[in-house]
Amino acid sequence: MKVPTQRAKTAEPSHVGDSFVVEREHLEQLLQALVSRSYELVGPTLRDGAIVYDHLTSTADLPSGWTDEQAGGKYRLQRRQDQALFGYAVGPHSWKKFLFPPQQRLWQAARNGKGLQILPAEEQAEPKYAFFGVRACELHAIAIQDKVYLEGQFVDPGYKARRENLFVVAVNCGQAGGTCFCASMNTGPKATSGFDLALTELLQDGRHCFVVEVGSVRGAEILSAVPHQPASDADRQQAERILDHTARHMGRQLDTLGIKELLYRNYEHPRWDDVTQRCLTCANCTIVCPTCFCTTVEDVTDLTGEHAERWRRWDSCFTVDFSYIHGGSVRATPRSRYRQWMTHKLATWIDQFGVSGCVGCGRCITWCPVGIDITVEAGAIRASDSIKAPPDQSKDSP
Amino acid sequence: MAPMLEQTEAVTAGPVPDPMLPVPYRIQRVKQETGDTFTLEILPEDPSQGFTFAPGQFNMLYVFGVGEVPISISSDPGNVPLLKHTTRVVGTVTKAMRQLKRGEVMGIRGPFGSHWPVEEATGRDVVIVAGGIGLAPLRPALYRLMAERSKFRRIVLLYGTRTPEDMLYRHELERWRGKFDLEIQVTVDRAASTWRGNVGVVTTMIGRAPFDPSNTLAMLCGPEIMMRFTVMELLKRGVAAECVYLSAERNMKCGIGFCGHCQYGPTFVCKDGPVFALPSIAAILGKSEI
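Chains as they are written, first to last, in our numbering: chain D, 3 to 400; chain F, 619 to 908.
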């Protein structure tokens with residue numbers, strides 16, 4: 003596409019794959035375009051000393067000028083030198099809390115004499131969310147949860163409705179967090195699919211704007227309500243440079259080569275005993291993980307005993323009850339529960355869903371109260387892998 | 619898997635059916651089987667409600683206000699929609715289930731999971747190894763085998779229970795044995811001096827059971843340790859691993875692959891199992907706390 007020399011305030015109709023520039027002062031109109039189309043706008047905002055995902059009413063709710071410092075078991079907010087809106091990595095929340103709420107009423111039941119009537123959860127329309135500021139790793143996490151709830155033999159109707167209603171504004175990461183390793187997992191830092199619009203924030207020489215990539219027809223339609231101009235080659239190159247820098251400055255890395263087989267042959271590795279000395283089995287890692295999908299159900303009755311409800315809520319494989327069958331829990335020891343979690347993330351997930359269950363967002367490292375690091379644990383097992391991978395026949399090695 | 623989603627969408631073109639919603643079934647009979655096991659016989663409240671299942675599949679059974687548990691179907695797949703579930707009183711839900719009376723209504727979701735490969739046994743010997751309540755998920759397979767008895771060669775049931783009094787479905791088994799359709803060998807962990815049968819673990823019977831290892835299909839259900847040693851004995855006799863099937867058990871909250879509780883290595887017992895061909899779980903069978 004030729005770059006026009008003149009800056010048109012509302013450019014020609016945009017197409018999927020096209021890139022445009024939206025100035026900082028016009029970003030508000032993007033949010034309002036979504037609100038006016040009755041989207042429930044959610045995105046990053048400052049609360050309780052962290053950047054969390056919550057309702058947004060305007061760009062003023064975004065954590066302008068803030069960044070985060072992340073390390074194993076550590077998360078601190080810090081002031082930035084500039085007024086960047088997306089100058090931080092991911093926080094303790096993930097988008098799964100909207101698509102897959104922590105607590106959901108599945109249905110209600112009423113007793114009538116000896117009979118029983120099952121009533122579906124109240125007929126309310128599922129929310130129509132617009133996610134503002136979804137990172138590349140998180141887009142992958144959403145796609146992974148889609149495999150659980152939409153792409154198997156059974157479909158979760160609520161998830162399906164929320165997912166179909168969803169509008170996604172992605173943000174390409176302008177800097178890597180201290181516990182990030184999306185580059186290792188091939189999930190970032192650039193959003194490549196699964197968005198309606200993707201922003202790259204440019205802040206240079208007093209200019210503050212966003213390169214906006216159109217990812218869908220809906221995205222193009224929303225963008226048409228916002229002043230924009232075609233992105234110049236220089237703008238695009240600057241965006242690429244930023245992403246390249248982010249990719250090269252990951253706080254962590256993980257060698258994924260043959261990782262499934264590595265963990266399958268190391269179910270009895272002594273490192274599992276080592277990590278058991280540190281793991282509190284608190285379940286933080288599973289709650290902050292954007293792909294963890296395990297749930298349990300709770301049955302409740304009212305005081306009359308004539309009305310019952312079934313609720314589904316997030317659960318964690320770190321609890322003893324999780325694997326309880328008559329006679330006791332299958333995974334009674336913390337060792338086996340940590341092994342289950344990590345082996346599921348990095349190995350069995352691949353057999354189950356064709357992709358890794360880890361997107362390299364680093365949340366499990368940051369929010370682990372004792373700073374257990376999945377990249378370090380996997381690395382330790384690899385470093386002392388007693389059974390080496392079968393020799394590569396194609397190489398002339400002894 | 620993806621084509622199935624498209625198909626569902628094409629057929630329903632709107633809201634998809636909710637797989638978490640139970641369907642009301644009315645209890646026809648509660649039968650005490652042994653000291654701690656009982657069978658619920660149920661029929662759908664809505665007579666137009668059809669139900670088909672394959673031997674080895676399970677249902678999620680809901681007791682009003684108490685909870686839901688996975689229980690294998692133990693009735694005749696040729697006699698639906700009447701369903702029978704034999705279970706042991708082991709927890710809150712099964713305890714409440716035992717208190718239910720004829721005429722009361724419970725919730726059912728299912729059938730879920732994989733099934734016994736009865737058709738694949740055509741022209742072969744069939745060895746069924748059951749431990750305790752493990753006979754319940756195997757009974758639908760026995761019904762199927764007996765219904766088309768001439769299609770199969772020898773059918774042998776090796777059955778281990780704690781005591782002679784813990785034997786399930788005694789009359790039925792004796793009827794089949796009486797017609798020479800089924801060879802049964804029973805062993806118990808302990809018995810009074812009047813017991814004239816075997817005492818010991820079920821695995822000891824495999825070495826001398828009458829079947830041709832080169833042309834046998836084996837189906838196993840019982841405690842994990844029993845199945846592990848049974849597998850070893852069967853392989854030792856020369857039964858091929860791919861001809862051995864076993865039914866696994868794990869905690870389940872949904873039955874449809876959503877809740878994650880039933881994971882067993884790379885598998886979900888609810889959808890990849892409960893019936894597994896041995897090669898698919900051989901690498902993890904016997905590993906502790908998987």
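Where is the CB? At the ideal position from N, CA and C, for every residue including glycine.
All values reported here derive from a predicted model rather than from experimental measurement.
Kindly indicate if chain D contains any beta-carbon less than 8 angstroms away from that of residue i.
i	result
PHE669/F	no
HIS879/F	yes
VAL629/F	Caution is warranted here: a pLDDT of 40 is assigned to VAL629/F, below 50, making its placement in the model unreliable, and the coordinate value is therefore given only provisionally. No, because no Cβ of chain D sits closer than 8 angstroms to the Cβ of VAL629/F.
VAL684/F	yes
ARG868/F	yes
PRO640/F	yes
GLU722/F	yes
VAL708/F	yes
ALA620/F	Unreliable placement is indicated for ALA620/F, whose pLDDT of 35 sits below 50; no coordinate value is reported for it.
For residue i, which residues of its own chain have a beta-carbon under 8 angstroms away from its beta-carbon, when the five flanking residues on both sides are left out?
i	result
GLN255/D	PHE183, ALA185, SER186 and THR377
ASP474/D	What the structure shows of chain D is the stretch from 3 to 400, and residue 474/D is not part of that stretch, so it cannot be assessed.
THR335/D	THR278
GLN80/D	TRP68, THR69, ASP70 and GLU71
Measuring CA to CA, which of the options is closest to residue i?
i	options	result
ASP257/D	ALA349/D, GLY196/D, ALA172/D and PRO232/D	ALA349/D
PRO892/F	HIS733/F, GLY878/F and ARG793/F	HIS733/F
SER40/D	TYR77/D, PHE169/D, GLY89/D and ARG250/D	PHE169/D
PRO758/F	LYS719/F, LEU700/F, PHE798/F and ASP743/F	LEU700/F
ASP596/F	PHE669/F, SER898/F and PRO688/F	Residue 596/F lies beyond the stretch modelled for chain F, which goes from 619 to 908, so this question has no answer here.
ARG610/F	ILE746/F, MET724/F and ALA858/F	Residue 610/F lies beyond the range of chain F shown here (619 to 908); nothing can be said about it.
PRO665/F	ILE902/F, THR652/F and ARG644/F	ARG644/F
ASP304/D	ILE802/F, TRP813/F, THR779/F and GLY683/F	GLY683/F
CYS877/F	PHE88/D, ASP317/D and PHE197/D	ASP317/D
GLN646/F	GLY653/F, PRO637/F, LEU639/F and THR657/F	THR657/F
PRO782/F	VAL817/F, VAL708/F, PHE770/F and ASP799/F	VAL817/F
GLY653/F	ARG716/F, GLY725/F and LYS871/F	ARG716/F
GLU651/F	GLY709/F, GLY750/F and TYR761/F	GLY750/F
LYS76/D	LEU36/D, ALA52/D and PHE88/D	ALA52/D
GLY329/D	CYS872/F, PRO841/F and ILE660/F	PRO841/F
HIS95/D	GLN240/D, CYS360/D, THR288/D and ARG209/D	THR288/D
GLY196/D	HIS346/D, CYS281/D, ARG220/D and PHE355/D	ARG220/D
VAL24/D	ASP237/D, ALA91/D and GLN155/D	ASP237/D
Which residues share a DSSP beta bridge with residue i?
i	result
VAL777/F	One detail in the question is off: residue 777/F reads as Tyr in this sequence, not Val. TYR777/F pairs with ALA748/F and VAL804/F.
GLN206/D	ARG209/D
GLY221/D	DSSP lists no partner for GLY221/D.
ASP50/D	Bridge partners of ASP50/D: none, in fact.
TYR650/F	The identity of residue 650/F in the sequence shown is Gln, whereas the question assumes Tyr. GLN650/F is bridged to PHE656/F.
PRO104/D	Per DSSP, none; premise fails for PRO104/D.
GLY330/D	ILE327/D
ALA145/D	Answer is none; ALA145/D lacks a bridge partner.
TYR55/D	PRO46/D
SER21/D	GLU215/D
Examine the ligand ADP and report whether any of its heavy atoms sits within less than 7 angstroms of the Cβ of residue i.
i	result
GLU860/F	As far as ligands go, the structure on display features none, and thus does not contain the ligand ADP.
Can you list, in chain order, the residues of its chain with a C-beta nearer than 6 angstroms to that of residue i? Leave out the 5 residues immediately preceding and following it.
i	result
GLU867/F	none
ALA754/F	SER690, SER692 and THR704
MET252/D	ALA178, CYS182, PHE183 and ALA185
LEU838/F	VAL747, MET845, THR848 and LEU864
Does the CB of residue i have a neighbour CB from chain F at under 8 angstroms?
i	result
GLN105/D	no
LEU108/D	yes
TYR266/D	yes
PRO2/D	Limits of chain D in this structure are 3 at one end and 400 at the other, which puts residue 2/D out of reach.
LYS338/D	Sequence inspection shows Ser at residue 338/D; the Lys mentioned does not correspond to that position. Yes, its Cβ sits closer than 8 angstroms to a Cβ of chain F.
THR303/D	yes
VAL357/D	no
TYR326/D	yes
ALA380/D	no
GLN2/D	With chain D represented from 3 up to 400, any question about residue 2/D goes unanswered, as that position is not in the structure.
GLY117/D	yes
ARG333/D	yes
GLY373/D	no
LYS162/D	yes
PHE295/D	yes
THR298/D	yes
Might you give, ordered along the chain, the residues of its own chain that have their beta carbon closer than 7 angstroms to the beta carbon of residue i, omitting 5 neighbours on each side?
i	result
ARG315/D	PRO104, GLN105, THR297, THR298 and GLU300
ALA765/F	GLY696
PHE22/D	ALA13, SER16, VAL214, LEU225, HIS230, GLN231, PRO232 and ALA233
GLU722/F	ILE645
VAL5/D	Any answer about VAL5/D is weak, because its pLDDT of 44 lies below 50 and its placement is not dependable; what the coordinates show is given next. So the list reads PRO232, SER234 and ASP235, once near-sequence residues are dropped.
GLY19/D	VAL216
For the stretch 293 to 326 of chain D, list the alpha helix (DSSP H) runs that are entirely contained and at least 4 residues long, ordered along the chain.
-> none
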